[in-house]
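Asks: After the C-alpha cells below, expect a handful of questions from me.
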Amino acid sequence: MKGGRPENSLAKILSLEMASLSGKVQTVLGLVEPSQLGQTLTHEHLTMTFDCCYTPPWSGQEALSKRSFEMKNLFWIQNNPYSHKENLRLNQETEAIKEELLYYKASGGGALVENTTSGISRNVKTLKWFAEETGVHIISGAGFYVDGTHSPETRAMSIEQLTEIITNEILHGADGTDIKCGVIGEIGCSWPLTESENKVLQATAHAQSQLGCPVIVHPGRNPNSPFQIIRILQEAGADVSKTVMSHLDRTIFDKKELLEFARLGCYLEYDLFGTVLLHYQLEPDIDMPDDNKRIKRIRLLANEGYEDRLLIAHDIHTKHRLMKYGGHGYSHILNNIVPKMLIRGISKNAIGKILVENPKQWLTFK
Ligand SMILES: [Zn+2]
19 MKGGRPENSL AKILSLEMAS LSGKVQTVLG LVEPSQLGQT LTHEHLTMTF DCCYTPPWSG
79 QEALSKRSFE MKNLFWIQNN PYSHKENLRL NQETEAIKEE LLYYKASGGG ALVENTTSGI
139 SRNVKTLKWF AEETGVHIIS GAGFYVDGTH SPETRAMSIE QLTEIITNEI LHGADGTDIK
199 CGVIGEIGCS WPLTESENKV LQATAHAQSQ LGCPVIVHPG RNPNSPFQII RILQEAGADV
259 SKTVMSHLDR TIFDKKELLE FARLGCYLEY DLFGTVLLHY QLEPDIDMPD DNKRIKRIRL
319 LANEGYEDRL LIAHDIHTKH RLMKYGGHGY SHILNNIVPK MLIRGISKNA IGKILVENPK
379 QWLTFK
C-alpha cells in the first residue's frame, strides 16, 4: 500500500500480538503460564486419520484387514497396524479418548502436545472440547505433514505463502476457527526429502524466527534425514535450540552418529513408547526397537550430558494403541516407563527434566 502507514499499523498489530505470546505457552484454550503444564507428553495425537499410510497386507491375508476389533483379531492388528483400515481412523474414538485423557490426568499427567498437522485431518475444535472436558492442557500443531498428504495447492505455494499460513494458525487460529496452535509441527519429512517438504521446512524456519515459537519435525526413515533437516532449518534462520527432532527411536541407531546428532543442539525425542512390532510396515529395513532399548538410549544420552534436551511420548496415531482396544494408552509412560527408568538408573531429577522442565522450556514462546 502507498504511504506505508497501513502497513506500519499492520506491523504494529503483529508485533503486539507476538509480544503477548512471549513467556507464555499457547494451548487450545488460550495462553497459560508455563508452570501450569506439569508432566507433558510432547508428541501425541487425539484425533487424526492415517489413510495416507495404508499398507496392503501380506498376500493371502487380505480378509484379515477388514475383521472387527475382537480379541481373537487383536494380535494380527497389533502386528499389521497399517493394514487394517478401521485402525487408521483415530478420529472415530472421541469418547474413548476423553476417558483415556481423564485417566492420564489421574495418573499425574498435566499436558500434551497434539501435533496433528494439515494432511492427516487436524481438528482443533475437537481438541478444544477434549481440553474443556478433561482439564488436560492441549497444545495444537501448525503446518503440514509429509508430502504424500500435501494438496496440489500446497505444493504450488511459495515459501512466503506457506509461512503466512503457518503464522496465521498461531496468531489467529486454525481450520477456519479462532482456536490457535501453540507449536509448529509435526512438520512431515520423507526420505529422500521432496521439494514441497523442503519449502515447508524453510517456511517453518521463517515463521519461527518471527514468532519465537516451538517447532517439532517428523524426519524421514533414514539416519541422514535428521541431519539434513537441521541444516535446512538452520540455513533458513530457525532456532535449533527450540526445535524437536521426533522419532529418533526408529531413525538413528548407531551410537556415534546419535551423539554427533545430539551435538547439533535440538531437542531429542523418543516418542514411540509402547510400540512393539515384529515387522515395521512403513520401513521394512528397520527393526523397531522396544521400550527397554528406548530407555537404554535415554540413559546413554542423559549420561552424555543431554538430559536438558530429552523429551518422550507415545505418538499414538492408530486405534489399537488405545486402552479400549487392549493397547497401552496415554498413561503408559507415567505408569510403566517411569518406574522402569528408575530401575535402570535414570535419576528422578533427570526424569523430572524429561517430563516437566524440558517440555516447559521448549513450549514457552521467546
Ligand atoms: Zn506423530
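Position one of the sequence shown corresponds to residue 19 (the working numbering), numbered consecutively onward.
Idealized CB from N, CA, C, for every residue including glycine.
Because the structure is a prediction, the values reported are computed rather than measured.
Taking 7 Å as the cut-off, is the C-beta of N133 nearer than that to any heavy atom in ligand 1?
Replies: Within the sequence shown, residue 133 is the residue found at index 115, counting from 1. Under cutoff, so the answer is yes.
Asks: P170: buried (16+ other C-beta within 10 angstroms of its C-beta) or exposed?
Replies: Mapped onto the sequence shown, residue 170 falls at position 152. Exposed, by the Cβ-count rule.
Asks: Of the residues A221, L145 and E178, which one's Cα is nearest the Cα of D196?
Replies: Counted from its first residue, the sequence shown places residue 196 at position 178. Of the listed residues, the one whose Cα sits closest to D196 is L145.
Asks: I want to check one thing, is the minimum distance from the CB of D309 to the heavy atoms of ligand 1 below 7 Å?
Replies: Locating residue 309 in the sequence shown gives position 291, counting from the first residue. Outside the cutoff, so no.
Asks: Can you find a heavy atom of ligand 1 that lies under 7 Å from the Cβ of H236?
Replies: Locating residue 236 in the sequence shown gives position 218, where the first residue counts as 1. Yes - ligand 1 has a heavy atom lying nearer than 7 Å to the Cβ of H236.
Asks: Given that a residue counts as buried once 16 or more other Cβ atoms are within 10 Å of its Cβ, and exposed if not, what is K20?
Replies: Counted from its first residue, the sequence shown places residue 20 at position 2. Because the pLDDT of K20 is 43, which lies under 50, any placement of that residue in the model is unreliable, and the number read from its coordinates should be weighed accordingly. Result: exposed.
Asks: So is the beta-carbon of E204 under 7 Å away from any non-hydrogen atom of ligand 1?
Replies: Numbered from its first residue, the sequence shown carries residue 204 at position 186. Flag set: Cβ of E204 near ligand 1.
Asks: When every heavy atom of ligand 1 is checked, does at least one fall within less than 7 Å of the C-beta of D267?
Replies: For the purposes of this step, residue 267 is taken as residue 249 along the sequence shown, with counting starting at 1. It does not: the Cβ of D267 is nowhere closer than 7 Å to a heavy atom of ligand 1.
Asks: Are the segment 335 to 353 and the segment 127 to 140 touching, with three or more C-beta to C-beta distances below 8 Å?
Replies: Touching, yes.
Asks: Mind reading off the beta-carbon distance from A160 to T135? Whole number of angstroms is fine, and I expect it under 8 Å.
Replies: For this step, residue 160 is matched to residue 142 along the sequence shown. For this step, residue 135 is matched to residue 117 along the sequence shown. A160 to T135, Cβ: 7 Å. Contact.
Asks: Quick check on E132: does DSSP put it in helix, strand or coil?
Replies: As a first step, residue 132 must be located in the sequence shown, where it is residue number 114. In this structure, E132 counts as strand in the three-state DSSP scheme.
Asks: Please list the segments of the beta strand (DSSP E) lying wholly inside the segment 73 to 125, counting only runs of 3 or more residues, in order along the chain.
Replies: Correct list: empty.
Asks: Roughly how many whole angstroms lie between the Cα atoms of G230 and K260?
Replies: On the sequence shown, residue 230 is found 212 positions in, with the first residue counted as 1. On the sequence shown, residue 260 is found 242 positions in, with the first residue counted as 1. If I take the Cα positions, the gap works out to 8 Å.
Asks: Who are the near neighbours of H168 in its chain, counting only those whose CB is closer than 7 Å to its CB and skipping five residues on each side?
Replies: Reading the sequence shown from its first residue, position 150 is the one you call residue 168. These residues qualify, in order along the chain: G137, F162 and S214.
Asks: Output yes or no for whether 8 Å exceeds the beta carbon distance between L319 and N376.
Replies: In the sequence shown, residue 319 corresponds to position 301, counting from 1. In the sequence shown, residue 376 corresponds to position 358, counting from 1. No, Cβ-Cβ distance for L319 and N376 is not below 8 Å.
Asks: When every heavy atom of ligand 1 is checked, does at least one fall within less than 7 Å of the C-beta of H350?
Replies: Your numbering for residue 350 matches position 332 in the sequence shown. The answer is no for H350.
Asks: DSSP puts Q44 in a beta bridge; with which residues?
Replies: The count along the sequence shown starts at 1 and reaches residue 44 at position 26. Beta-bridge pairing links Q44 to L49.
Asks: Taking K384 as the reference, which of K274, Q96, A37 and T152 has the closest Cα?
Replies: Counting from 1 along the sequence shown, the entry for residue 384 is found at position 366. The option with the nearest alpha carbon to K384 is A37.
Asks: Between I31 and W380, what straight-line distance do the alpha-carbon atoms span, to the nearest angstrom?
Replies: Looking up residue 31 in the sequence shown gives position 13. Looking up residue 380 in the sequence shown gives position 362. For I31 and W380, the distance between alpha carbons rounds to 25 Å.
Asks: Determine the extent of the alpha helix (DSSP H) in which M359 is found, giving its start and end residues.
Replies: On the sequence shown, position 341 is the one that residue 359 refers to. Start and end: V356 to I361.
Asks: Pull up the distance between the alpha-carbon of K198 and that of S27, whole angstroms please.
Replies: Stepping through the sequence shown from its first residue, residue 198 is reached at position 180. Stepping through the sequence shown from its first residue, residue 27 is reached at position 9. Their Cα atoms are separated by approximately 22 Å.
Asks: Any idea if R362 is buried or exposed, counting beta-carbon neighbours within 10 angstroms, 16 or more meaning buried?
Replies: For the purposes of this step, residue 362 is identified with residue 344 of the sequence shown, where counting begins at 1. By the 10 Å Cβ count, R362 comes out exposed.
Asks: For ligand 1, I want to know if G63 counts as a neighbour, meaning its beta carbon is within less than 7 Å of at least one of the ligand's heavy atoms.
Replies: On the sequence shown, position 45 is the one that residue 63 refers to. The residue you asked about is not Gly; residue 63 is His in the sequence shown. Within the cutoff, so yes.
Asks: Please name the residue, chosen from D165, N133 and T73, that lies closest to L300 on a Cα-to-Cα basis.
Replies: Locating residue 300 in the sequence shown gives position 282, counting from the first residue. Checking every option, the nearest Cα to that of L300 belongs to T73.
Asks: Ligand 1 and H338: does any heavy atom of the ligand fall closer than 7 Å to the residue's C-beta?
Replies: Your numbering for residue 338 matches position 320 in the sequence shown. No, the beta carbon of H338 sits no closer than 7 Å to any heavy atom of ligand 1.
Asks: Using the beta-carbon count (16 or more within 10 Å), is A368 buried or exposed?
Replies: Looking up residue 368 in the sequence shown gives position 350. Burial call: buried.
Asks: Counting only the same chain and skipping the five closest in sequence on each side, list residues whose C-beta sits under 6 Å from that of L324.
Replies: Here residue 324 corresponds to residue number 306 of the sequence shown, with the count starting at 1. Looking at the sequence itself, residue 324 is Tyr, so the reference to Leu does not match. If we look at Y324 and ignore the five residues flanking it on each side, its Cβ neighbours are A280.
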